[in-house]
Amino acid sequence: MTDALHPVAAVLHKIVPMAADNHLFSFLPEQPMALAPGQFVEITLPGIGSFPVSSCDQGRNGLITSCIRRAGRVTEALYHLEEGDVVGLRGPFGVGFPLQLFEDQEALLIAGGLGMAPLRALLHALLDDHRRAGRIIVLYGSRQPEMLLFREELVKLSLEQQIELRFSVDFAEELPSLDGRVVCKIGLVNELLAGLAFTPRKTVAAVCGPPALYHCMLEELALIGIPAAKIFATLERRMRCGVGECCHCVVAGRYICRDGPVFSLEQLRKMTEAI
Ligand SMILES: Cc1cc2nc3c(=O)[nH]c(=O)nc-3n(C[C@H](O)[C@H](O)[C@H](O)COP(=O)(O)OP(=O)(O)OC[C@H]3O[C@@H](n4cnc5c(N)ncnc54)[C@H](O)[C@@H]3O)c2cc1C
Ligand code: FES
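My numbering puts the first residue of the sequence shown at 3, with every later residue one more than the last.
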């Protein structure tokens, strides 16, 4: 890890538009940074501000790649940068997904909207190590078909039978024309669980998306029979230091930056108002 409070310079290597206001940004830090799936870095734009962001891949070639939504002041400024410009990076921070737990288990990854970004890093880690997860199921919902991030890649993995994939969209004039094996429904992502055959007690679930997804999904997964210690969600809070010093992100006595941002449902049940 680099000096936690001092950003290292990183060149904005590549910008790839993915969907409206959702671009893929790759950064090349001058010192290598290895991010585990679910961990995050703080991106600093000198003279403007900083924000936390997770990585959406395995960090090959020394690059840190994130899918970043144009949300407000600092991310707006990032969207005005060009390839070759320099930003600051601090990190990696936090506790990511417990990869060892997935060994020989069925992996159930459930994402809503931009939540697919950190789960894609987890998905790639699971695919890269065949000892992990005997089976990988991906349920992914977004507002409209064109907002499904990494859609082509996920469909390809499904067609190659590396993952089992179901999409949902809130509304669509026309459903994406996907291969017969890929299921896309109009509705909410939790509806994709209906009729899904899996072994709850042998399953590890990772959920990432807006708070509404957590409200309807986490306890539902427990009701189906997945142990609460094997259901994980990643929390978002406003952050400053990233290392448990400024108390900016504290919820129910836990530091989201240092103790999370990934927590099990077992932990979340003890953290009042965390979700
Ligand atoms: C651990 C972690 C991982 C994240 N990963 C990603 C990612 O992969 N891609 C991505 O696009 N975004 C991610 N975010 C969210 C990102 O940090 C915010 O969108 C960003 O801080 C917005 O900054 P801004 O100055 O542009 O917007 P602001 O002007 O500060 O805010 C715009 C809107 O976003 C809300 N907001 C801002 N920061 C946060 C926050 N930290 N948590 C919840 N709501 C917030 C504000 O309340 C406001 O409604 C992550 C956040 C955390 C904590
Ligand atoms: S961001 Fe400073 S304590 Fe978590």
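All C-beta atoms in this analysis are idealised placements derived from N, C-alpha and C, irrespective of residue type, glycine included.
Keep in mind it's a predicted model, so treat the numbers as computed, not measured.
Counted within 10 angstroms of its Cβ, other Cβ atoms place residue i as buried (16 or more) or exposed
| i | result |
| --- | --- |
| F29 | buried |
| G40 | buried |
| I258 | buried |
| V191 | buried |
| K232 | buried |
| T46 | buried |
| P212 | exposed |
Ligand 2 heavy atom lying under 8 Å from the CB of residue i
| i | result |
| --- | --- |
| H250 | yes |
| V245 | yes |
| R260 | yes |
| M149 | no |
Cβ-heavy atom distance, residue i to ligand 1, below 8 Å
| i | result |
| --- | --- |
| Q53 | Before going on, a small fix: residue 53 reads as Phe here, not Gln. Under cutoff, so the answer is yes. |
| P120 | yes |
| D77 | Looking at the sequence shown, residue 77 is not Asp but Thr. Yes, the beta carbon of T77 sits closer than 8 Å to at least one heavy atom of ligand 1. |
| S144 | no |
| I233 | no |
First through last residue of the beta strand (DSSP E) which encompasses residue i
| i | result |
| --- | --- |
| Q274 | According to the sequence shown, residue 274 is Thr rather than Gln. T274 -> no beta strand (DSSP E), and no H or E assigned at all. |
| I226 | First-last for I226: 213-226, but that is the alpha helix (DSSP H), not the beta strand (DSSP E). |
Own chain, CB closer than 6 Å to residue i, minus 5 neighbours either side, in chain order
| i | result |
| --- | --- |
| L194 | L141, R168, S170 |
| K187 | S170 |
Close beta carbons around residue i, own chain, < 8 Å, minus the five adjacent residues each side
| i | result |
| --- | --- |
| V88 | A11, A12, V13, L14 |
| A36 | G61, P94 |
Residue i - containing alpha helix (DSSP H), residue span
| i | result |
| --- | --- |
| C259 | 258-261 |
| M118 | 118-130 |
| V76 | 75-81 |
| V157 | 153-161 |
Whole-Å CB distance - residue i paired with residue j, under 8 Å assumed
| i | j | result |
| --- | --- | --- |
| C58 | P120 | 7 Å |
| L91 | P31 | 5 Å |
| G98 | V264 | 6 Å |
Cβ neighbours of residue i in the same chain (closer than 7 Å, five flanking residues each side left out)
| i | result |
| --- | --- |
| K204 | Q107, E108 |
| P48 | G90 |
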